[in-house]
Structures are given as structure tokens and as C-alpha cells.
Amino acid sequence: MLVLQNVVKRYFAGEPNELEALKQVSLTVNRGELVSIVGQSGSGKSTLMNIIGALDRPTEGRYILDGTPVEDMRDNDLSALRNEKVGFVFQTFNLVSKINALQNVALPMFYKGIPARARKERAAALLALVGMADRMTHMPNELSGGQKQRVAIARALANDPAIILADEPTGALDSETGKMVMDLFLRIHKEEKRTILLITHNEALADMTERKITIHDGRIASDVCLQKGGGVL
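Counting from 738, one number per residue, gives the positions in the sequence shown under my numbering.
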């Protein structure tokens, strides 16, 4: 489903300030897994996220996402792959401020060429899935932080991606709201059988996943299987 083989990522290659952010990272994530990736600032987890999300390419090594080799793809093909295969959820929500919740969720489908009526119907169904059916016409500035993140999760599901990549999805939320959002991820994983990678520095959230990968100094320091369905729904 997702395979990294001996991935190296260098910045400023060949220059005096060359930095090797990832060092021979090998990793396999199977379809339907709920995995957390944890590490301190500077550990390499953000670089790993960028490569997994096809936002960047490895300097060396191979990356295969849902059967497609990624490392040598052209920029246009990489952009299309991201839109079709990866659903992103960010700490800062990244909703478009001038359109409502329904339109935000429908936006990725517009870029995929899905007809307007089908976009609207699927966006409405996804907002209902995340408990936002009564907020479809609300603008982002009319929503709380937790509600914005629910809309962002619905948007991440819009194009039926192979993987959902959540980067510190509770980082901008208070602890109670953050737990509600995490419970939503757990429910989507359970009911939708989604493959979810959660990037976080929060060990408590990581311990709610099925598998926890720890990154340290650009290497995988540990890869631990936790109890299945560790979160409380």
C-alpha cells in the first residue's frame, strides 16, 4: 500500500551546509492501518510527512504509493497523484475563507473533474459523516476550531484517497476538542476502513493508534504495534 525503501533526503546537497534529514528510512504501511508517527522537533518527521504526502521527493531510495512509484514523477503527475491518492488534514485547517463548508469539501472534487451535482451530494454526505450536516452553509469564520477540523476531515475524504495524512490535527485545539477530533479519526478508521497516518508530538494521541513509529535524528528509532483499536469511541 505504502512502501519506502532506503529513503534518504538531503537538503543543500554538495554544499558546506548539507543536511541529511532522513537516513536510510524503510517503512511499509498496509491498507487499513492506523499509524502514528512521533518525534521531537528536528527529528525528521515533517520531512517524512512531505515525502509520504508526495509534497517532496527523496534524494535517494524508492517510494511506492498504492502501487505507483513516486520518486521520479514529473511535477504535474505528482500534483495529480496528491489530489487523487492523499487526503490532507492540517493543524491550521487550511479552509478557504470565502466559501462555505459544503463548498470547501467539494473543492478537491472540482479539480478532479467530478460534475457539480455529484460534488454537492458527496460533500453533503461527508459533512453528515463527520457530524456537520447542520453547518453546511456556514462560512469558516462562523465555525469553532473543532468544527473547522471536522470540515477539513470531510474534505480529506472527498476524492476517496488511498491514505489520509493528518499533520498535528489537534495541535490548534484544546484538549477536550482534540480528543473529540481524535475519536472521529478512530471512528472513520473503524467504519470506513481508511488508512490513516497521524503525525504528532503528542504521545497520548499516538498511543490511541494501532501502531506507533518513532523518528529520531532522521531514522526510525522504534516501530511498535499497539492494541488494535486502542482509542475509546
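Cβ atoms here follow ideal geometry from the backbone N, Cα and C, with glycine treated the same way.
By alpha-carbon positions, which one of the options ends up nearest to residue i?
| i | options | result |
| --- | --- | --- |
| P795 | K916, V807 and R854 | V807 |
| E770 | G798, E821 and T932 | T932 |
| V766 | P852, L739 and S773 | L739 |
| Q886 | S780, N896, P898 and E905 | E905 |
| D803 | E821, S881 and K835 | E821 |
| V884 | K849, L832 and R924 | The sequence given here has Gln at residue 884, not Val. Closest option to Q884, Cα to Cα, is L832. |
| G908 | I801, F827 and G779 | F827 |
So, with DSSP's three-state summary, where would you put residue i?
| i | result |
| --- | --- |
| K885 | helix |
| H953 | strand |
| S783 | helix |
| A958 | strand |
| D904 | strand |
| T874 | coil |
| T805 | strand |
Hey, residue i and residue j are a contact pair by Cβ (cut 8 Å); roughly how many whole angstroms apart?
| i | j | result |
| --- | --- | --- |
| L963 | R948 | 6 Å |
| R859 | M846 | 7 Å |
| L977 | V842 | Absent from the model: residue 977. The displayed extent of the chain is 738 to 970, so no value can be given. |
May I ask you to list the residues that DSSP assigns as paired with residue i?
| i | result |
| --- | --- |
| V762 | V744 |
| Y800 | L741 |
| L935 | S773 and A903 |
| G824 | I901 |
Leaving aside the five residues before and after residue i along the sequence, list all residues of the same chain whose C-beta is less than 8 Å from its C-beta, in chain order.
| i | result |
| --- | --- |
| Q761 | N743, V744, V745, G798 and R956 |
Once you ignore the five residues that flank residue i on each side, which residues in its own chain have a CB closer than 6 Å to its CB?
| i | result |
| --- | --- |
| N939 | none |
| I774 | K782, I936 and I950 |
| I901 | G824, A893, R931 and I933 |
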